[in-house]
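*Asks:*
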Amino acid sequence: LMAESNPGGELRAIARIAEDAALPSEHASFRELVGDGQIVITLDPKEGHRYQGIVGLDHDTLGGCLEAYFGQSEQLPTRLWLAADGERAGGLLLQRLPDASQNQDVDAWERSVHLADTIKQEELLGLEQREVLYRLYHEETVRVFDPKALSFGCTCSRERMSYALYTLGKDELRDILREQGAIDTQCHFCHTKYHYTAADIEILLEDPGAPPPVIH
Ligand SMILES: [Zn+2]
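This is the structure:
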């Protein structure tokens, strides 16, 4: 499983399963689904250093694993409530801000978490965000930011695909050309097709261009 997003609210994700893998039962738990996997979270800011955090998938929920990530890597107390039913997904994230210790309201964090713990899966899936906030925090002072629309967005390009092909190596590329006459590839995320003739490949081998920035 791999998912990627950017500050503009564009997302892309992919799920793959080995051809011969047994399909998990519909009622499989999170632990049964993910086995002994890991979550690798990569933050790749436009400026500054790329950061990667790795946590084991050893909690009973995805939310629990992400909470462990925030605790370890960002050292920010964070709680997550996630829900999905195969068609819809919803979630709530609470995060204690770094300067919260200066806040006069000493039990604000415990109170916020305790209230959020009362949220039900159906509410996360079915209610508008404002309704969820009202249900949980109508006795608190809440500031609501403008919602941000999310959309599918793919970062693939001919340059990136070319560089990925180049990394296969000259021999491998020439073998494929000998067998198939040309090379056709497709982006796994958005299904854009990229076609390379033998001449394109020869040009590519001479000048692969600069490696694209690594996103994942
Ligand atoms: Zn694409």
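Heads up: the sequence shown runs through residues -5 to 210, numbered per the working numbering. Cβ atoms here follow ideal geometry from the backbone N, Cα and C, with glycine treated the same way.
1) Rounded to whole angstroms, what's the CA-CA distance from I209 to E133? Just pull it up for me.
2) Can you find a heavy atom of ligand 1 that lies under 6 Å from the Cβ of C59?
3) DSSP three-state label for D194, please.
4) Using three-state DSSP, classify I170 as helix, strand or coil.
5) So does F146 have its beta carbon nearer than 6 Å to some heavy atom of ligand 1?
6) Quick one: what does DSSP say H210 is sitting in, helix, strand or coil?
7) Would you please state the rounded distance, in angstroms, between the beta carbons of T36 and R44? I believe it to be under 8 Å.
8) From which residue to which residue does the beta strand (DSSP E) around S(-1) run?
9) Under three-state DSSP, which class holds G3?
10) Quick check on V107: does DSSP put it in helix, strand or coil?
11) According to DSSP, which residues form a beta bridge with T36?
12) Around the Cβ of S151, are there at least 16 other Cβ atoms within 10 angstroms (buried) or fewer (exposed)?
13) With a threshold of 6 Å, establish whether the CB of T179 neighbours any heavy atom of ligand 1.
14) Assess contact between the segment 159 to 173 and the segment 113 to 130, defined as three or more Cβ pairs (one per stretch) separated by less than 8 Å. Is contact present?
15) By a C-beta neighbour count over all protein chains shown, 10 Å radius and 16 as the cutoff for buried, is F139 buried or exposed?
16) Look at the alpha carbon of L167 and the alpha carbon of I197, and state the distance between them as a whole number of angstroms.
17) Compare the Cα-Cα distances from E68 to each of R90, E13, A77 and L51 and report the closest residue.
18) Return the chain-ordered list of same chain residues with a C-beta closer than 8 Å to the C-beta of V126, the five sequence neighbours on each side being excluded.
19) Would you call the segment 38 to 53 in contact with the segment 74 to 85, where contact means no fewer than 3 C-beta pairs closer than 8 Å?
*Replies:* On the basis of the supplied data:
1) Here I209 scores only 49 on pLDDT, less than 50, and its place in the model should not be relied on; the value that follows carries that caveat. Looking at the two C-alpha atoms, the distance is approximately 42 Å.
2) no
3) Helix at D194.
4) helix
5) no
6) For H210, the predicted model reports a pLDDT of 44, less than 50, meaning its position is unreliable; a value from the coordinates is still stated below. Coil, per DSSP.
7) Rounded to whole angstroms, the Cβ separation of T36 and R44 is 7 Å, and the two are in contact under 8 Å.
8) M(-4) to S(-1)
9) coil
10) helix
11) Q46
12) It is exposed - the Cβ of S151 has fewer than 16 other Cβ atoms within 10 Å.
13) no
14) no
15) exposed
16) 12 Å
17) R90
18) L86, I113, E117 and L118
19) no
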